[in-house]
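Structure first, commentary second.
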Amino acid sequence: MWFILTLKKKMYKYQFGQYAWTHMILIVVFTQSSFTVANIFEGIFW
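Heads up: the sequence shown runs through residues 1 to 46, numbered per full-length UniProt numbering.
Structure, rendered in structure tokens:
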């Protein structure tokens, strides 16, 4: 909701690009950390 309210004309492409990159980075970081935690609990690193 906040993202939609902060959109400015002539900046849509840039703002959506930043929005997409932010979410892709968050997904990658979350996925990697989830697998790392899962491996630790499975005992692979012990």
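Yeah, the Cβ is synthetic: ideal placement off N, Cα and C, and Gly gets one too.
Helix, strand or coil for LYS8? Go by DSSP, reduced to three states.
To locate residue 8, count along the sequence shown from 1; it is residue 8. The answer is coil: DSSP assigns LYS8 none of H, G, I, E or B.
Using the three-state DSSP reduction, which class does GLY17 fall into: helix, strand or coil?
Taking the sequence shown and counting its residues from 1, one reaches residue 17 at position 17. Helix, per DSSP.
CB-CB under 7 Å to ILE4, same chain, minus the five flanking residues each way: which ones, in chain order?
As a working mapping, residue 4 is identified with position 4 in the sequence shown. Nothing meets the Cβ criterion.
Taking the straight line between their C-alpha atoms, what separation do you get for ALA20 and GLN32?
Numbered from its first residue, the sequence shown carries residue 20 at position 20. Numbered from its first residue, the sequence shown carries residue 32 at position 32. The straight-line gap from Cα to Cα measures roughly 18 Å.
Just checking my contact of LEU7 with GLN15 at CB under 8 Å: how many whole Å lie between their CB atoms?
Translated into positions along the sequence shown, residue 7 becomes position 7. Translated into positions along the sequence shown, residue 15 becomes position 15. About 6 Å separates the beta carbon of LEU7 from that of GLN15, a gap short enough to meet the 8 Å contact definition.
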